[in-house]
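Going by our numbering, the sequence shown opens with residue 846, and the numbers climb by one from there. Virtual Cβ for every residue (Gly too), placed ideally from N, Cα, C. A quick write-up on the structure given underneath.
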Amino acid sequence: MKKLVIVESPAKAKTIEKFLGSDYKVVASYGHIRDLPGSAEEIPEDIKSEPWARMAVNTASDFTPYYVVPADKKKRVDELKKQIKDATEILLATDEDREGESISWHLLEVLSPRIPVRRITFNEITKEAIDEAVQNPRDVDDKLVRSQEGRRILDRLFGYQLSPVLWKKVRTGLSAGRVQSVALRLVVEREEERMAFHKAGYWDAEAKLAGDGKEFTATMTAVGGKKLATGKDFDSTTGHLKADADVLALTEAEAHAAVQRALAGQPWRVANVEQKDATQRPPVPLTTSTLQQAASGQLGMSPRRTMTIAQKLYEGVDLGHGEREGLITYMRTDSLTLSEKALEEAGRFIKKEFGEQYYEGPKRYKTKSKAAQEAHEAIRPTHLLKTPQSVAHALSEDELALYELIWRRTMASQMPDARLTRTGADIEAADTVFRATGSVVKFPGYLKVLSGGQKDVVLPALESGQLIGPGQAVTIVSVTPERHETQPPARYTEASLIKKLEEEGVGRPSTYATIVTTIQQRQYVTKKGNALVPTFVGMAVTSLLRGHFQEYVDVKFTARMEDALDDIAAGGLDWVDFLSAFYRGGGQFGHGLEHTIKEELPKIEFPAIDLGADPASGEPLRVRVGKMSAFVQRGAGGDGNTATIPPEVMPDELTAEKALEILAAKGQGKVVLGQHPDTNENIYLIEGPLGPYVQLGEGEKKKKPKRSGLPKGLERDQVTLEKALELLSLPRELGKHPDSGEVIASSLGRFGPYVVCNGEYRSLEATDDVLTITLDRALELFAKPKGRRAVAAKKSLKELGNHPESGNAILVLDGRYGPYVSDGKVNATIPRGTDPLQVSLPQAVELLADAAARGKGKTKGRTTRTAKAASPKKTASPKKAAAPRKTTRKSAKSAT
């Protein structure tokens, strides 16, 4: 008989099992084993007639949630129950945050063990941390469970009540989310600022100069004794100088004239020099949000990718010679605290590697966020003496890059300030003044370990402590007038949006990456480079919610809800009172969500984005959202007055003038490009709801005419008769496969260009052309591993490795019916409630084996559906169990 330790993931189990002796067995729950029903088929029969059944939250009885164990989790539950029969005690070792606490509670509710149960927590997976946790068990924290459950129910009430409003008034299938809708609003309002922005142009000049043999740059800052305008002097809404701006805005001609006067006024001499000492403080230790921001800016990693890698580094890495342990502390945290052990290790390393002058004693940082309750420490290496070089052999390129970022940031936080000297020199030339600035590092401090902090130009002779002196002549290398334009506010990136959410108190460490991913998966936001751009659907959703449910998508209101959930976790607020006020009204929630929806729904019109008026007719120009796409509408619409917006047009580019161009292009209707040389049928270029396409003939009632969309990169005005004939000739036969003799062809599909042979597909790569690809190139594509290419049309979330039996690559993919794993031959749905980015290779192999055994999941372009849910359970407010060593909150009663 052994003690049974239950964790969330197999990787975590594998690491912990190495630290515990033969008296322990460690198993994984694979995330949540129970949740609210995710679909109508999962709703228990005994509550389907209830008015609140769709939400599975009894709003008439203290917001009691009804949980179910989905069918794809039933096998896992059965296996855990078998393990309990051979155990003397259970140790729940799920993550230390609220989500982990909730998983532990649900395990107890479902497993109903008759043996003692204790809860252990740790924020790093090392032998020392696990031993200490086992020696200091505790009960499941009721307050943390209630806070997580309150959040889950709150999100269910918000989403299930407001989403149907969007279905009726915008487009079927859209969703609203308590936090995602606020994040979307931030992205939309930034785009609206860009749309309202008016550019302004202004001129100055840049001079390349030399002194003491060193070149440096100076910028014209004044002419005729008056300071030159810069971007901050212009009003962004008008493009004109601000009324109180006492500056000179040069025209092009004036800038050129000023340069000519300056050149005629040689020699140029230094008028005055300013020197200031400055310090740069080291960065604070990493939290979840700052890790995601740093990884995005320095490594180009998305927040989701960052958290996937951090999860692996936390759960454990094989270091060789039988050594396996977690390399970083828990990665979902708001805390800036470092443990005493970490502070001691950092001090010891810094003094040894860099010298005594680089260590001034431990630096302890205080967390500013009152919500910093997710974990007890900042993100740091578990052992600071494990340098990036010492673990490089065990990590992938991305894993090593992220580990090194965390290691360097932690070390830098314990080092002294960097000391610099900043210098500015004004250089007079006729009636103009040029200014040069520079700096030099006097003592690098933390920059010794964290490079990249200095990009300023160093002025001549500054390194030796000699300054450019007043009256000193400088040599002119070149002088160039330069035009500048004021820039609209920058769009959010994933990292800067997370930073904004954290600053506003919206969301928590465990949700940041999910938020920015969700608004993109919902197609409310798209990416242009690294920038987040709202789609017109996203703008319509925000317009409706902001116009009729203002407080529910208000940043401060949402932050107050987060604070309330923190108060529940701290025991200062009753969760039922909170949910009742939110849903039915009271206090800060006014009328409540239920009443507000009933009151506002009759008033809501289909949202439209105003663009201005058609100068010819005076009729308004608007953007509206249809079933398939967004379109511009003039006046009441009708023939010639509506046109689909091309997908490449961004919201801030859609002016009234652009809308009229789009309408004019649509007004061309069917453009006859010519006749087919064999059939003499007309070949048309047509502007369709999803973009332009070419068509052969008129078509008959029972037979659709042959059509082809335009491949990416081919514009409407580039389509000739010859090009249309090539497109209509698709699919193009390339030849026969040398092994099978089957025909290989290229064509265009819903997900782009591809080649096909005997029902097997490969997507073309960016450098391939569907109209010119050769047989040899197609064979190269088919020669690549099937597991990678055959599913290329689906969005790949993660590559897990190769199947131990077949050798095929196993991918985590985002399919039509949700995330799933595939090895190219079998697909298996990822259990609901499991983060797809946390699925491990062993778990994926097991899921695929189960799917194959059931005879389901063979790839035919679709994923397997999740089976009907089983084991519904109604859960009321949990109560303490009677057993003195058993920590659980039992349901008041269960659904039958």
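Burial state of residue i (16 or more Cβ within 10 Å)
| i | result |
| --- | --- |
| Asn1091 | For the sequence presented, residue 1091 should be read as Asp rather than Asn. Exposed, because fewer than 16 other Cβ atoms sit within 10 Å of the Cβ of Asp1091. |
| Ser1667 | buried |
| Asn1672 | buried |
| Ser957 | exposed |
| Ser884 | exposed |
| Gly1352 | buried |
| Ala1461 | exposed |
| Lys1401 | exposed |
| Leu1342 | buried |
| Thr1083 | exposed |
| Lys848 | buried |
| Phe1596 | exposed |
| Leu1767 | As shown, the chain starts at 846 and ends at 1741. That puts residue 1767 outside it, with no answer to give. |
| Leu1446 | exposed |
| Leu1019 | buried |
| His1238 | exposed |
| Lys1300 | At Lys1300 the pLDDT is 44, less than 50, meaning the model places this residue with poor confidence and gives no usable figure here. |
| Pro1598 | buried |
| Phe1451 | exposed |
| Lys1472 | exposed |
| Arg1328 | exposed |
| Pro1226 | buried |
Pairwise C-alpha distance: residue j and residue i
| i | j | result |
| --- | --- | --- |
| Leu1609 | Leu1626 | 8 Å |
| Thr1612 | Pro1492 | 22 Å |
| Ala1340 | Pro1334 | 16 Å |
| Ile1528 | Asp1078 | 55 Å |
| Leu925 | Lys1581 | 53 Å |
| Lys855 | Ser874 | Looking at the sequence shown, residue 855 is not Lys but Pro. Each residue's alpha carbon lies about 8 Å from the other. |
| Val979 | Gly876 | 21 Å |
| Arg1469 | Glu1605 | 40 Å |
| Val990 | Arg1035 | 36 Å |
| Asp1049 | Val1322 | 17 Å |
| Lys1703 | Ile1507 | Caution is warranted here: a pLDDT of 46 is assigned to Lys1703, below 50, making its placement in the model unreliable, and the coordinate value is therefore given only provisionally. Computed Cα separation, rounded: 45 Å. |
| Thr1320 | Thr1062 | 11 Å |
| Glu1571 | Glu1060 | 57 Å |
| Ala807 | Ala1654 | Residue numbering for the chain in the displayed model covers 846 to 1741; residue 807 lies beyond these limits and cannot be assessed. |
| Arg1177 | Gln1138 | 14 Å |
| Gln1218 | Tyr1665 | Because the pLDDT at Gln1218 is just 49, under 50, the model does not fix this residue reliably, and the point stays unresolved. |
| Ala1107 | Gly1058 | 22 Å |
| Met846 | Arg964 | 19 Å |
| Ser934 | Ile1449 | The question names Ser, but residue 934 is Glu in the sequence shown. C-alpha separation (whole angstroms): 58 Å. |
| Met1065 | Pro1233 | 46 Å |
| Gly1350 | Ala1404 | 5 Å |
| His951 | Gly1435 | 33 Å |
| Gly1417 | Val1398 | 25 Å |
Bridge partners - residue i, DSSP secondary structure assignment
| i | result |
| --- | --- |
| Ile1531 | Tyr1538 |
| Asn1672 | Ser1667 |
| Lys847 | Ala932 |
| Ala1246 | Answer is none; Ala1246 lacks a bridge partner. |
| Pro1323 | For the record, residue 1323 in the displayed sequence is Ser; it is not Pro. Lys1053, per the DSSP bridge assignment. |
| Gln1478 | Arg1467, Thr1487 |
| Gln1520 | Asn1527 |
Cβ separation of residue i and residue j, assumed to be a contact under 8 Å, to the nearest whole Å
| i | j | result |
| --- | --- | --- |
| Thr1387 | Leu1007 | That pair is no contact at about 13 Å. |
| Ala1409 | Phe1394 | With 8 Å as the limit, Ala1409 and Phe1394 do not qualify as a contact, their Cβ atoms being about 18 Å apart. |
| Glu1222 | Thr1174 | 5 Å |
| Ile861 | Leu937 | Wrong, their Cβ atoms sit about 12 Å apart, outside the cutoff. |
| Thr966 | Glu941 | 4 Å |
| Asp880 | Tyr912 | 6 Å |
Beta carbon proximity, residue i to chain C, threshold 9 Å
| i | result |
| --- | --- |
| Gly1660 | Judged by its chain identifiers, the structure shown contains no chain C, having just a single protein chain. |
Check your understanding: At what residue ranges does the region 1107 to 1164 contain a whole run of the alpha helix (DSSP H), taking only runs of 4 or more?
Key -> Counting only runs of 4 or more, we get 1133 to 1139, 1148 to 1160.
Check your understanding: Where are the beta strand (DSSP E) runs, 3 residues long or more, that stay fully inside the region 1014 to 1070, in chain order?
Key -> Counting only runs of 3 or more, we get 1046 to 1056, 1059 to 1068.
Check your understanding: Could you give the uninterrupted runs of the alpha helix (DSSP H) lying entirely in the region 898 to 963, keeping only those of 4 residues or more?
Key -> With a minimum length of 4 residues, the continuous alpha helix (DSSP H) runs that stay inside the region 898 to 963 are 916 to 930, 943 to 956.
Review point. At what residue ranges does the region 958 to 1003 contain a whole run of the alpha helix (DSSP H), taking only runs of 4 or more?
Key: DSSP runs (the alpha helix (DSSP H)) wholly in the region 958 to 1003: 972 to 980.
**Study point:** Entirely enclosed alpha helix (DSSP H) segments - the region 1327 to 1409, minimum 4 residues
**Key:** For the region 1327 to 1409, whole alpha helix (DSSP H) runs of length 4 or above, ordered along the chain, are 1339 to 1349, 1357 to 1366, 1381 to 1393.
Practice item. Run through the region 1550 to 1624 for me and flag every whole beta strand (DSSP E) of 3 or more residues, listed as ranges in chain order. Key: The region 1550 to 1624 contains these whole beta strand (DSSP E) runs: 1551 to 1554, 1577 to 1581, 1588 to 1594, 1597 to 1602, 1605 to 1608.
Check your understanding: Where in the region 1222 to 1278 do unbroken runs of the beta strand (DSSP E), each at least 3 residues long, occur, reported from the N-terminal end onward?
Key -> Those beta strand (DSSP E) runs which fall completely within the region 1222 to 1278 and span 3+ residues are 1263 to 1274.
Check your understanding: In chain order, which alpha helix (DSSP H) runs of at least 4 residues are fully inside the region 1417 to 1443?
Key -> Taken in chain order, the complete alpha helix (DSSP H) segments of 4 or more residues contained in the region 1417 to 1443 are 1420 to 1429.
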